[in-house]
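Presented below is the structure to which this report refers.
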Amino acid sequence: MLQNRWINSIEEVSVFHPSPERLFYSATHEEIKRGYTTDIYFVSAQQILKHLNLQDTLVVAEVFPRREGVMCGVQEVLNLLQESKVEVWSLEEGDTFEAKEVVMRIKGPYSEFGIFETPLLGILAQSSGWATAARECKKAAGKKAVLAFGARHVHPAVAPVMERAALVGGVDGCACILGAKLAGREPGGTIPHAAILITGDTVIAAKAFEEALPGQFPRIILVDTFKDEAEEALRVAKVLGEKLAGVRLDTPEERGGVSPALVREVRIRLDQAGFSWVKIVVSGGLNPEKIALLREDADMFGVGSYISGARPIDMTMDIKEVAGQKIAKRGRIPGIIPNPRLKKLK
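Written out as structure tokens, the structure is:
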């Protein structure tokens, strides 16, 4: 049994043996809090400093990004440092930042947070990357709604983190159940092609949707499975009438994908048939550029891989003060860099 709050020696690493029977390779909350997701050299650093009786040296460390973006992951960092005797100043979740801007400052004995440099930077880098991509999509959509559909593109252990980050970035909803719930939202979505393929007819699936699902689920039906999208949209609209909230276009690349002309045709045909209230939801390989092209006639966008596959925003942590003295590695300016935007959060 580990006696310390977290690992601080190579010997403790040597005797740590994760169970070979574990079902998934993702870290548990306890393993993250214990420091088992850190890089081994931070454990070495703790042992060296303890040998020199310097482990509790008061330091100030600052975190800065390599490129501009949207801040996300702050709450998880605070949770990570919950038991640490440190003070934390930071931008808040959803704040934008510039390249090299100080986004977080930590002050305290090095032994209280040094072991967590790896997971702390990883949390901010990945979450901020996802939030930034989500903000780009929302900006391209303007007043139109954007839903995050990217959980299928990442490991399930981080899918809720990703979709929560997308919500922080500004999207209007997400499909991942846990991601939505952790953000205090309800998950949103339509129905999969699987339901239509198995029933054999879009209208049959649409009728079953209306009969079987609770009323709070908006009736949005896929119309690209078997027939021409405009034809299928009209078939569904005639059956569900005012109960139909929208149709979803997810035409695969093999058939040209969802084009502005296709969305425009579906819109016009629905309007001409008297179904002007029916919204058009578009999904499938969307990015900010495609969203901007489709925005005129589409009402909602489901974005997957552009958000889930977003490049992390590299974060760096520098020690800028040691025992009250300004210091920095070569190439960096010694001493803290003032940033009035930082708020004391711990």
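Take 1 as the starting number for the sequence shown in UniProt numbering and just add one per residue.
Beta carbons are placed, not taken as given, at the ideal position from N, Cα and C, and that holds for glycine.
For A45, same chain residues with a beta-carbon under 7 Å away, outside a window of 5 residues either side, are G114 in chain order. In the three-state DSSP reduction, D318 falls in the strand class (E or B). Membership of L81 in any alpha helix (DSSP H) is not indicated, and neither H nor E is assigned to it by DSSP.
Membership of V154 in any beta strand (DSSP E) is not indicated, and neither H nor E is assigned to it by DSSP.
Boundaries of the alpha helix (DSSP H) harbouring M162: 159-169, taken from the DSSP string.
In the structure shown, K326 adopts extended strand secondary structure according to DSSP, grouped into three states. Contact between R264 and L234 fails: their C-beta atoms lie close to 15 Å from each other, not under 8 Å. DSSP places W89 outside any alpha helix (DSSP H); the residue lies instead in the beta strand (DSSP E), whose first and last residues are 87-90.
Under the DSSP assignment, E136 falls in the alpha helix (DSSP H) whose first and last residues are 117-141. The stretch 101-111 makes no contact with the stretch 280-287: fewer than 3 CB pairs, one atom from each, lie closer than 8 Å. In the DSSP annotation of this structure, the continuous segment of the beta strand (DSSP E) that includes F64 starts and ends at 58-65. The criterion of a C-beta distance shorter than 8 Å is satisfied by A148 and C174. Between E296 and P252, the alpha-carbon positions lie close to 21 Å from each other. Spatial neighbours of V161 in its own chain (CB-CB distance under 7 Å, excluding positions within 5 residues in sequence) are listed in chain order as S127. By the C-beta criterion, the stretch 50-62 is judged to be in contact with the stretch 312-325, since at least 3 inter-stretch pairs fall below 8 Å. In this structure, DSSP gives I280 an extended state, which the three-state scheme calls strand.
The straight-line gap separating the alpha-carbon atoms of C137 and E163 is approximately 14 Å. Non-local beta-carbon contacts of A145 in its own chain, meaning distances under 6 Å to residues more than five positions away in sequence, involve D172, M300 in chain order. According to the DSSP assignment, A261 belongs to the alpha helix (DSSP H) that extends over 260-272. Of the other Cβ atoms in all chains shown, 16 or more fall within 10 Å of the Cβ of Y306; this residue is therefore buried. Taking the Cα positions, K346 is about 5 Å away from V88.
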